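Notes to accompany the following structure.
In the UniProt record's numbering, the protein residues as written are 1 to 417.
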């Protein structure tokens, strides 16, 4: 590798050391344990590498082949890989040590990226995309299913760190893919291999504690749990589906409506991610779930979308995007914490897989819906309507949170018995 590659790898290592130091500082003021922190770091390294891979090759493909269709196959194969593995992995996770699955999948990711050093044909790029995302999401299911076991004493703190990591690794992965594509494309496979190796070394397995619960849960029990928590899932689907509008409409809003350059568009998207990161830091300090706070934040989301549709000042839209990002984390952290706390450990794998299918598939569906609506009614009108919907969503969300916040895992076990 040349000097730039060495420098970039050195920067990645230093960034990881910085994150590690910040985690230790954060750990000192919470009940998060070191085991969770190393798995958290491993998870976010894999997320950064996965994002970097996608950003890099979507750019390379459009430059080389001048085809948006070929570019669209990257996220298509990614989603296909996850949908194929999600139900089987959910069943396996309820039977085996989840940390061993995380470690095994991390090692397999190293091997997949390693072959990328020698072969970069279009077919192989799609194959790596399919396999690496399958392994990344499979290890993610194992990671999220094990959180309750690793950090039962401070779930809200764990969810807060997850939000910070998701936002931070998203920013880092975007920067990695874009900078390597510009400066030194040949170095990407080496960087991905190094990152996957570090992720694997951080995820060495631990001995799983045997559950005192001897109950055997079938998929019929899982379906009962999904039915029970369906109001929470629908609430999460509708809220997060609304934020898909930001991704779908942002380029059109800044180019077609505001007539400004790509700097504002980039700042708008980056502001949302930074807001998520800041909200993640703050959200971990909220220990008591308050339905009034969540309901108010959701209504404020709606107001923000209305303001984005009305204002014609790009910098104001960037600021609103930052605030929406902060609010997103403040809503999602208590929702994720509540969902995780309700699901029995012995059915966490299968239940989490179904939840992820439910939530993951919402983004492309909502993106398609927003595309059709914008064609029929225009971007500004749809953004305004999303804002009104968000304000109204604050009312039912109050009662949904109020219903579930007092519920415990024991209540769920009685319900499905």
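Every residue, glycine too, gets a C-beta built ideally from N, C-alpha and C. Quick caveat: nothing in here was measured; it's all calculated off a predicted structure.
Taking only the alpha-carbon atoms, compute the straight-line gap between residue i and residue j and give it to the nearest angstrom.
i	j	result
residue 294	residue 253	28 Å
residue 269	residue 246	8 Å
residue 385	residue 158	34 Å
residue 203	residue 38	7 Å
residue 119	residue 42	26 Å
residue 421	residue 371	No statement about residue 421 is possible, as the shown extent of the chain runs from 1 to 417 and does not include it.
residue 282	residue 354	29 Å
residue 137	residue 296	33 Å
residue 28	residue 266	Note on residue 28: pLDDT 43, under 50, position unreliable in the model; no value is reported.
residue 150	residue 100	14 Å
residue 392	residue 339	23 Å
residue 103	residue 116	21 Å
residue 164	residue 84	28 Å
residue 35	residue 259	49 Å
residue 72	residue 62	10 Å
residue 123	residue 69	14 Å
residue 327	residue 121	42 Å
residue 167	residue 324	13 Å
residue 169	residue 195	12 Å
residue 292	residue 374	33 Å
residue 177	residue 51	7 Å
residue 415	residue 40	32 Å
residue 146	residue 236	21 Å
residue 106	residue 233	29 Å
residue 316	residue 413	48 Å
residue 290	residue 397	11 Å
residue 197	residue 188	14 Å
residue 201	residue 110	11 Å
residue 264	residue 250	10 Å
residue 420	residue 366	Because the chain is modelled from 1 through 417, residue 420 falls outside the range shown and cannot be assessed.
residue 337	residue 238	18 Å
residue 261	residue 94	50 Å
residue 330	residue 411	26 Å
residue 162	residue 67	35 Å
residue 406	residue 341	11 Å
residue 332	residue 271	18 Å
Exposed or buried, which one is residue i when buried takes at least 16 other CB atoms within 10 Å?
i	result
residue 401	buried
residue 221	buried
residue 344	buried
residue 88	exposed
residue 334	buried
residue 408	exposed
residue 98	buried
residue 193	buried
residue 96	exposed
residue 352	buried
residue 404	buried
residue 44	buried
residue 2	Note on residue 2: pLDDT 49, under 50, position unreliable in the model; the coordinate value appears next. Exposed, since its Cβ has fewer than 16 Cβ neighbours within 10 Å.
residue 218	exposed
residue 65	exposed
residue 186	exposed
residue 381	exposed
residue 399	exposed
residue 141	buried
residue 314	buried
residue 11	In this predicted model, residue 11 has a pLDDT of only 49, less than 50, meaning its place in the structure is not dependable; the value taken from the coordinates is given anyway. The residue in question, residue 11, is exposed, as its Cβ has fewer than 16 Cβ neighbours within 10 Å.
residue 91	exposed
residue 306	buried
residue 205	exposed
residue 376	exposed
residue 256	exposed
residue 298	buried
residue 302	buried
residue 421	Residue 421 lies beyond the stretch modelled for the chain, which goes from 1 to 417, so this question has no answer here.
> Counting pairs of beta carbons, one from the region 274–281 and one from the region 307–318, are three or more of them closer than 8 Å?
Replying inline: no
>> For the pair the region 130–142 and the region 66–82, tell me if three or more CB-CB distances fall below 8 Å.
In response: yes
> Enumerated in chain order, which unbroken segments of the beta strand (DSSP E) with a length of 3 residues or greater are wholly contained in the region 191–242?
Replying inline: none
>> Closer than 8 Å is the cut-off here; do at least three beta carbon pairs connect the region 330–347 with the region 220–239?
In response: yes
> Do three or more CB pairs link the region 316–324 to the region 46–64 at distances below 8 Å?
Replying inline: no
> What are the uninterrupted segments assigned as alpha helix (DSSP H) that are 4 or more residues long and contained completely in the region 254–318, given in chain order?
Replying inline: 262–283 and 291–310
>> For the structure I just gave you, are there three or more beta carbon pairs, one from the region 385–396 and one from the region 179–199, closer than 8 Å?
In response: no
> Considering only residues of the region 336–392, which uninterrupted alpha helix (DSSP H) runs meet the minimum length of 4 residues and lie entirely inside it, listed in chain order?
Replying inline: 348–360 and 362–377
>> Quick check for students: name the residue ranges of the alpha helix (DSSP H) that lie wholly in the region 82–142, counting only runs of 4 or more.
In response: 98–115
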